[in-house]
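Chains as they are written, first to last, in the numbering used here: chain A, 34 to 357; chain B, 34 to 357.
Shown next, in structure tokens, is the structure this report addresses.
In structure tokens:
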């Protein structure tokens, strides 16, 4: 089968590509071709003959159509303008996050058969007046343009699936921690930084209180969730095509204690506490707790603990070595 | 102030236009100009000098922009491809019901100030696995393209409002009964026909069981709701820009008994019962019961009873005269 990853230059896309090439099959079908595209050419993947990387601007509708026309059986749609950027540039956010999804769905609709699409949505679809615990039937009240675009795209994925144009599934991702790489402009970036930087012997800044809690999932688990989603039959989703993913709730204090257990007091000492009222306010607007009962019943799993999340980062990103 | 009604050729648009011209002000501001547009030129309104009718295809983005650029303070956005048509013609439904809304929002965003928009959404945003009683925080799981497009448009109205581009409010309308005019292709059309036709001395067909129940609102009340929405301050909506409107739940048996009380057995005898499994199934997929607590607390009112709905139709459409 032919598989496409959009937004494949991001860390999840790259890990997913590596995982797919490594396992060689998905849902019992061998992967003959894997296209990994992003707005700039994707670097740093293997020279596997099944792998094809290219630049694709998802706002370029004819280019999307040409790519899909080559033949694609399964799309992992990860391409997006991130939260802060979509908030700052309204037009770009709508063009990429909403119109881009629509271009993809339209191109897939034009294909024979019912190609499958796994869409990376986000818990940013929740916001505003929320219950204490997000559940599968919590209404979507996004308080960012990013969350709005993800929620609207979920609606399209569901409608195109209901009409048999595609076989779509949308995953509402928790905040991914520990994100590899460098800090970015996301308000949530500190949650990865306060683990990642101390483990690498570097300083990190924590802008929020120790009590601040977040709903999180590791990169390892989110890649497993994408693969699992593609392997589930259409009937498993039925008429509800959106799925809240299981995560764990961790306070900043719990994150720091997990770091201490893994790397000792000297690692924790590398965290500077510099409260930032704006980031504190944004983080407080997020839902820290969710009960993803449906996804659990479908075989999705959260990390067992914050310790497991830290350990996975050390294994996957640091080759098991912690800076001393 | 300058007011625009899109989809103004429909029965709600015409009644709303007449009401606005009659009251002459809205929220204490005098109405200087009222533009009533639809895809074909709007007929049958008064020759009031404040009134301007024109043809406007909402899918024509430059035309929408030119209209809004003339200066508009308040838009009632009623233009839509109805449910059955949007289901049959996916492209047309998305172009009118989603892109059309976006053209309007974009044109309003480009205007100085924060123009107000009242968007006609629908209880078709609900569907699938629903609770017995729809509430203000029930999640949106539309099972039609129409409902999908309305739900996605609501998300845009909320985001554009949050960013201060417009001051938007979306109303989720119950099924409007008694709809004046002729039967249309909506699955719900019978609910108006079984009252309207017998009162006019004509036969009507009832395709569903007597126990079938619907969540309904009269034309008179829905026009009041649109006016009330435009008159409420922005703070009344806060960060939740969508509002489930109060309606009443009536079974077909209750509708028929109200007809009997108003017009006697000879009127009821004009209803033929011809069960239609497809319409029965569609109607059973709708939410018959809702608790619109938020709207009630904001001063919105449902009809007091099915009798009041029948009486309003006789007064407003039949000049008080029932066929014998």
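Where a beta carbon is used, it is the ideal one built from N, C-alpha and C, also for glycine.
The model shown is predicted, which means the values in this text are computed figures rather than measured ones.
Hey, does residue i have any beta-carbon neighbour from chain B nearer than 7 angstroms?
| i | result |
| --- | --- |
| residue 357 of chain A | no |
| residue 110 of chain A | no |
| residue 43 of chain A | no |
| residue 141 of chain A | no |
| residue 276 of chain A | no |
| residue 147 of chain A | no |
| residue 311 of chain A | no |
| residue 170 of chain A | yes |
| residue 92 of chain A | no |
| residue 288 of chain A | no |
| residue 28 of chain A | In the structure as shown, chain A starts at 34 and stops at 357, and residue 28 of chain A therefore has no counterpart that could be examined. |
Any C-beta of chain A sitting closer than 7 angstroms to the C-beta of residue i?
| i | result |
| --- | --- |
| residue 153 of chain B | no |
| residue 161 of chain B | yes |
| residue 188 of chain B | yes |
| residue 178 of chain B | yes |
| residue 58 of chain B | no |
| residue 400 of chain B | In the structure displayed, chain B extends from 34 to 357; residue 400 of chain B sits before or after that span and is not available. |
| residue 331 of chain B | no |
| residue 184 of chain B | yes |
| residue 181 of chain B | yes |
So the candidates are the options; which of them puts its Cα closest to the Cα of residue i?
| i | options | result |
| --- | --- | --- |
| residue 255 of chain B | B:275, B:243, B:207 | B:207 |
| residue 177 of chain B | B:92, B:253, B:119 | B:119 |
| residue 273 of chain B | B:215, B:187, B:233, B:356 | B:187 |
| residue 123 of chain B | A:67, A:56, A:194 | A:194 |
| residue 68 of chain B | B:128, B:303, B:97, B:269 | B:97 |
| residue 169 of chain A | B:167, B:172, B:168 | B:172 |
| residue 59 of chain A | A:106, A:45, A:304 | A:106 |
| residue 316 of chain A | A:112, A:307, A:247 | A:247 |
| residue 162 of chain A | A:347, A:333, A:318, A:355 | A:318 |
| residue 70 of chain A | A:63, A:64, A:50 | A:50 |
| residue 269 of chain B | B:251, B:332, B:244, B:324 | B:332 |
| residue 335 of chain A | A:277, A:216, A:306 | A:277 |
| residue 37 of chain B | B:83, B:77, B:55 | B:83 |
| residue 235 of chain A | A:251, A:216, A:245, A:253 | A:216 |
| residue 271 of chain B | B:199, B:290, B:305 | B:199 |
| residue 233 of chain B | B:197, B:57, B:297 | B:297 |
| residue 143 of chain B | B:166, B:174, B:125, B:100 | B:100 |
| residue 152 of chain B | B:127, B:174, B:190 | B:190 |
| residue 365 of chain B | B:125, B:104, B:352 | What the structure shows of chain B is the stretch from 34 to 357, and residue 365 of chain B is not part of that stretch, so it cannot be assessed. |
| residue 156 of chain A | A:209, A:54, A:351 | A:209 |
| residue 245 of chain A | A:306, A:261, A:214 | A:306 |
| residue 147 of chain A | A:197, A:329, A:279 | A:197 |
Give the C-beta separation of residue i and residue j to the nearest angstrom, bearing in mind that I take them to be a contact with Cβ-Cβ under 8 angstroms.
| i | j | result |
| --- | --- | --- |
| residue 237 of chain B | residue 227 of chain B | 5 angstroms |
| residue 231 of chain B | residue 292 of chain B | 6 angstroms |
| residue 239 of chain A | residue 285 of chain A | 6 angstroms |
| residue 115 of chain A | residue 159 of chain A | That belief does not hold up - the Cβ atoms of residue 115 of chain A and residue 159 of chain A are roughly 17 angstroms apart, past 8 angstroms. |
| residue 184 of chain B | residue 117 of chain B | That pair is no contact at about 18 angstroms. |
| residue 134 of chain A | residue 110 of chain A | 7 angstroms |
| residue 342 of chain A | residue 251 of chain A | 5 angstroms |
| residue 355 of chain B | residue 302 of chain B | Incorrect: roughly 14 angstroms between the Cβ atoms, too far for contact. |
So is residue i buried or exposed if we call it buried at 16+ other beta carbons inside 10 Å?
| i | result |
| --- | --- |
| residue 263 of chain B | buried |
| residue 241 of chain B | buried |
| residue 149 of chain B | buried |
| residue 338 of chain A | exposed |
| residue 387 of chain A | Outside the modelled stretch of chain A, which goes from 34 to 357, sits residue 387 of chain A, for which no answer is possible. |
| residue 358 of chain A | Since the first residue shown for chain A is 34 and the last is 357, residue 358 of chain A is missing from the structure and cannot be characterised. |
| residue 88 of chain A | exposed |
| residue 348 of chain A | exposed |
| residue 139 of chain B | buried |
| residue 43 of chain A | buried |
| residue 357 of chain B | exposed |
| residue 275 of chain B | buried |
| residue 62 of chain B | exposed |
| residue 166 of chain B | exposed |
**Q.** Segments of 3+ residues assigned as beta strand (DSSP E) that fall wholly inside the segment 131 to 190 of chain B
**A.** 149 to 155
Q: Would you list, in sequence order, the uninterrupted beta strand (DSSP E) runs of no fewer than 3 residues that lie entirely inside the segment 222 to 259 of chain A?
A: 237 to 239, 246 to 250
(Q) Which runs of the alpha helix (DSSP H) at least 4 residues long sit entirely within the segment 253 to 332 of chain B? Give them in chain order. (A) 285 to 301, 310 to 317, 326 to 330
**Q.** alpha helix (DSSP H) runs contained entirely in the segment 104 to 132 of chain A, provided each spans 4 or more residues
**A.** Secondary structure within the segment 104 to 132 of chain A: the alpha helix (DSSP H) runs of 4 or more consecutive residues, fully enclosed, are 116 to 121, 123 to 126 (chain order).
Q: Using a Cβ-Cβ cut-off of less than 9 angstroms, give me the residues of the segment 191 to 209 of chain B that come near chain C, in sequence order.
A: Absence of chain C from the displayed structure is noted, the protein chains being A and B.
(Q) In chain order, what are the residue ranges of uninterrupted alpha helix (DSSP H) at least 4 long that sit wholly in the segment 49 to 82 of chain B? (A) none
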